[in-house]
Amino acid sequence: MRDRDRSSREDTVHDEALWDVWFPQAVEITAAGVRDFARAVRCWHVPHESPLVLPAQAGTAPATLGASALLSAATVVVARAIPGRNLARVLHVEQSFAYDRHPRVGDVLDVGARLTRRTSRGAVALLTIDAVLAADGRTRVRSSSTIAYDGSELGTADLAFEDVAESVMRTGSGPGAATAANFGN
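Take the sequence shown: its letters are residues 1 to 185, numbered as in full-length UniProt numbering.
Following this line, the structure appears as structure tokens:
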């Protein structure tokens, strides 16, 4: 049953009209690109130690190789959904990926994204953006991202949102605005 479910997902054909943005042939998976990306992320299953060694032509790409294209498409959707946005007021809430088939060397991938949910809690808008990588019209990678956007006027709500964002950045991926000035001291 599981193999049947997997093959039916792989056979999903995408209608470009279903997506808010669609970028045909946006990403080409090359052996050199896979090697360079694998070297950057220290991927264990792709040969990357030597610039003279390329992954096998039939090899799969590291799982996160398409993430940049998916996030770029999602950014376009967010830009359209929140005119005049201030990126300092955006907080990344969650993100997930599902792989119907990992991209492989030789794939030329289309990228699509759409706004699937928009809710508000006070002045904070929660947006969910779904995105897809497809090759030959068939699903390869699906992603879903949720962000929070604080649309309140300057005031006490801003302070609370900035405190939350600052706290996340301290324990997350890098320094926030307040700690950036002290970074390295």
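C-beta atoms are modelled at their ideal positions from N, C-alpha and C, and glycine is treated no differently.
- When only Cα atoms are considered, Thr30 and Asp107 end up about 8 Å apart.
- With fewer than 16 other CB atoms across the displayed protein chains lying within 10 angstroms of its CB, Ser68 is exposed.
- Closest in alpha carbon position to Trp19, among Val141, Ala123, Val111 and Leu65, is Val111.
- Judged by DSSP secondary structure, Ser68 falls within the alpha helix (DSSP H) whose first and last residues are Ala67 to Ala81.
- No Cβ-Cβ contact shorter than 8 Å links Ala98 with Leu126.
- When the beta-carbon positions are compared, Val76 and Val21 come within less than 8 Å of each other.
- With respect to Leu115, Gly66 sits apart: the two C-beta atoms are not nearer than 8 Å.
- A distance below 7 Å between beta-carbons, with the five flanking residues on each side excluded, links Gln25 to the following residues of its chain, in chain order: Val108 and Asp110.
- At the C-beta level, Ile129 and Ser145 come within 8 Å of one another.
- Taking C-alpha positions only, Thr139 is separated from Asp15 by approximately 11 Å.
- The continuous beta strand (DSSP E) containing Ala113 extends over residues Val108 to Arg121.
- Secondary structure note for Ala61: it is in no alpha helix (DSSP H), with a DSSP letter that is neither H nor E.
- The Cβ atoms of Pro103 and Ala38 do not sit closer than 8 Å to each other.
- The straight-line gap separating the alpha-carbon atoms of Ala40 and Val34 is approximately 10 Å.
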